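Heads up, the sequence shown stops at 440 in this note's numbering, and the numbers go up one at a time, no gaps.
Ideal placement from N, C-alpha and C gives every residue a C-beta, glycine not left out.
Quick caveat, the model's predicted, so the values are computed rather than measured.
Below: the structure, in structure tokens.
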Amino acid sequence: MKATTKYDKHIVALKEKLRPITNKQADWFKDKTQWDYGTKHYNSIICLECNHQWKGDFVKARKTVQCPSCKKRIRQTGYNSFCYSDSHGILFDRVGKIQVMRVIFIRKHLNKFQPPVYEVDEVMSKWFDPEAKKVTLLSKSKTSVMGSYSSSWNLKSELSLKKPHRGLLNNYSSTINTNVYYPNKRIPKEIKRLGFTTKNIYNISHDHLLQGLVTNPRIETLVKKKLYVLAKKELYHTMTDVEWFAIKMCWKQGIKIKSHSDYFDYLRLLSYFGKDTKSPRWICPPDLHIAHQRLVQRKAQIVRAERIEQQRIDTIEQIGRAKVFEFEYKQRTKKYFKLMFKSKGITIAVIKTVNGFMIAGDKLKHCIFVNRYYERKESLVFIAKLKGVLIETIEVNLNTMEIEQARGYDNLPSEYNAKIINIVKKNMQKIINIHQKAA
């Protein structure tokens, strides 16, 4: 993409002010991002790092074995005589007041009886400008549409302006999913004033956090107040004006919200019943759980009565509308239907029908049906059963791949809550694999 605006041309010109990657930095990334490998040769092991050969076996040594010569812990490659591995690292740099995140690509080539050969190259940089409140992406081209695959970089291409994709998660920025950061971080004081820190904040990646701080003043407010759960919600979902106003009102009233998911559900219920969502009387309840459950039960009665009435009328229009909800939900979710996690009598599976939401909501006194969780494209809802008895519902956020909530009867955690959450976390990679395959 060619730079056309004055600002884009300015950023492209600034890249010349960045210092080239030094040998010291390159050596650090080689050491911190790459595994060491060896290979089998009959009854011997050959270290592909120093080419030392000795009698031994990887199977007996389990995952790794130490080379007697170079003392490195090596793991077995899947090839007999050669292998290569790719990795990424991040270098924090600056040009004036602009924060630059530079993505360094490292490829390691290994062959029998030859020294390792490395390729170290800068493949991408993200420019965060706090004054202009803009984020600019410069990147090398890719040889594959699968942007997160490291081997898809065209290393012969130049760093050039790339058109920003919709949202934070895109083919280019997803490559920054690495925890390897060069220790000497150059952070402008203007970025530090926004509340940015290189420490891990609620599993929010540094580039997403920077993008939020630079472009969204709400993120700055939430981070400075250390409300990281809300900051993450604002990053990936964006709070409505009603939710933002209510949160600020709670701060003024000195009310601490323990469950933000319950609180936002409560605000939606207030809107449903036409309550004043700017009045502290309604948006700052003394007991959120009691207030939330009271409205859930009230709405459940209304929705249940409406559903009975719809079934009684039984018109073609109503049947068609119900079929549309059912069809859209199954089309969006059916790829996950085969998922089933079992452990010590607990079975966890995806809710497969819209009617399943109503049944689970009625039995556990939840709002997953009355608040139409089956219409939330970013949510995947499971039910957990103990020996066939429904005990909890679990909501997984498909954008962040984290558990949003897991609740039992009366919207409270059951005695098996910790076990259920642990089972889902252990199997989260299965959900991620299906999600990425369908993307």
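Alpha carbon to alpha carbon, how far is residue i from residue j?
i: Leu451; j: Glu123; result: In the structure as shown, the chain starts at 2 and stops at 440, and residue 451 therefore has no counterpart that could be examined.
i: Thr176; j: Lys225; result: Note that Thr176 scores 48 on pLDDT, short of 50, meaning its location in the model is unreliable; the coordinates nonetheless yield the value given after this. The straight-line gap from Cα to Cα measures roughly 27 Å.
i: Leu156; j: Lys98; result: 29 Å
i: Ile395; j: Cys68; result: 47 Å
i: Lys141; j: Asp9; result: 16 Å
i: His436; j: His209; result: 20 Å
i: Thr137; j: Tyr264; result: 35 Å
i: Cys71; j: Arg219; result: 52 Å
i: Val325; j: Ile352; result: 17 Å
i: Asp266; j: Asp411; result: 14 Å
i: Ile116; j: Ile75; result: Checking the sequence shown, residue 116 turns out to be Pro, not Ile. One C-alpha to the other measures close to 15 Å.
i: Cys84; j: Asn400; result: 34 Å
i: Ser260; j: Ile105; result: 39 Å
i: Ile287; j: Pro281; result: Per the sequence shown, the amino acid found at residue 287 is Pro instead of Ile. Going from the Cα of Pro287 to the Cα of Pro281 covers about 10 Å.
i: Ile22; j: Leu139; result: 16 Å
i: Lys16; j: Ala439; result: 36 Å
i: Val60; j: Ile422; result: 34 Å
i: Asp363; j: Lys427; result: 29 Å
i: Glu221; j: Lys41; result: 54 Å
i: Lys420; j: Gly389; result: 16 Å
i: Ser206; j: Asn44; result: 45 Å
i: Lys33; j: Met359; result: 51 Å
i: Lys279; j: Ala27; result: 55 Å
i: Thr5; j: Ser380; result: 39 Å
i: Lys64; j: Thr78; result: 11 Å
i: Lys190; j: Glu132; result: 12 Å
i: Phe338; j: Gln54; result: 50 Å
i: Ser158; j: Val181; result: 24 Å
i: Arg308; j: Gly357; result: 14 Å
i: Lys335; j: Asp242; result: 34 Å
i: Trp29; j: Lys200; result: 20 Å
i: Gln254; j: Arg295; result: 22 Å
i: Val66; j: Leu111; result: 17 Å
i: Leu289; j: Leu413; result: 12 Å
i: His293; j: Leu340; result: 31 Å
i: Lys1; j: Asn204; result: Residue coverage of the chain in this structure runs from 2 to 440, which leaves residue 1 outside it and unanswerable.
i: Asn24; j: Leu162; result: 26 Å
Determine the contact status of residue i and residue j, defining contact as a CB-CB distance below 8 Å.
i: Tyr183; j: Ile91; result: yes
i: Leu214; j: Leu231; result: no
i: Val304; j: Glu327; result: no
i: Ile202; j: Tyr237; result: no
i: Ala247; j: Ile284; result: yes
i: Asp37; j: Lys73; result: yes
i: Met240; j: Lys234; result: yes
i: Gly39; j: Leu49; result: yes
i: Ile46; j: Lys113; result: no
i: Thr216; j: Lys276; result: no
Among the residues of its own chain, which have a CB less than 7 Å from the CB of residue i, if the five just before and after it don't count?
i: Gln35; result: Ser86, Ser88, Ile107, Lys109
i: Tyr273; result: Lys300
i: Arg269; result: Asn372
i: Leu387; result: Gly346, Ile347, Tyr417
i: His11; result: none
i: Arg333; result: Lys378
i: Thr179; result: His89, Gly90, Ile91
i: Ala361; result: Ile352, His367, Ile369, Ile384, Leu391, Thr394
i: Asn251; result: Inspection of the sequence shows that residue 251 is occupied by Cys rather than by Asn. Hits under 7 Å: Ile258, Cys285.
i: Asn185; result: none
Using a Cβ-Cβ cutoff of less than 8 Å, which residues in the same chain neighbour residue i once the five nearest sequence positions on both sides are dropped?
i: Met402; result: Met429, Ile432, Ile433, His436
i: Leu211; result: Gln100, Met102, Lys127, Phe129, Val136, Ile192, Phe197
i: Val425; result: Phe342, Ile349, Phe383, Ile395, Val397, Ile404, Ala407
i: Lys31; result: Ile107, Lys109, Tyr119, Val121
i: Leu19; result: Asp94, Val96, Val101, Arg103, Ser126
i: Arg187; result: Phe93, Asp94, Arg95
i: Lys7; result: none
Residues in its own chain within less than 6 Å of residue i by CB, not counting five upstream and five downstream?
i: Ala14; result: none
i: Arg103; result: Leu92, Asp94, Glu123, Ser126
i: Ser415; result: Ile392, Glu393, Gly409
i: Cys51; result: Ser70, Cys71
i: Val297; result: Cys368
i: Tyr330; result: Val355, Tyr375
i: Leu271; result: Thr278, Trp283
Okay, do the segment 362 to 373 and the segment 342 to 350 touch, 3+ Cβ pairs below 8 Å being the bar? No: the two stretches stay apart, fewer than three of their Cβ pairs being nearer than 8 Å.
Which complete beta strand (DSSP E) runs does the segment 318 to 364 hold, if anything under 3 residues is left out? Runs found: 341 to 344, 347 to 351.
Whole beta strand (DSSP E) elements within the segment 48 to 112, 3-residue minimum: Restricted to the segment 48 to 112, the beta strand (DSSP E) segments that are unbroken, complete and at least 3 residues in length are 54 to 56, 65 to 67, 74 to 77, 83 to 96, 99 to 112, listed in chain order.
In the segment 196 to 228, which residue ranges form an unbroken alpha helix (DSSP H) of at least 4 residues, counting only runs that do not cross its ends? Contiguous alpha helix (DSSP H) elements confined to the segment 196 to 228 occur at 207 to 216, 218 to 225, taking only those with 4 or more residues.
Entirely enclosed alpha helix (DSSP H) segments - the segment 353 to 425, minimum 4 residues: Unbroken alpha helix (DSSP H) stretches of 4 residues or longer found wholly inside the segment 353 to 425: 355 to 365, given in chain order.
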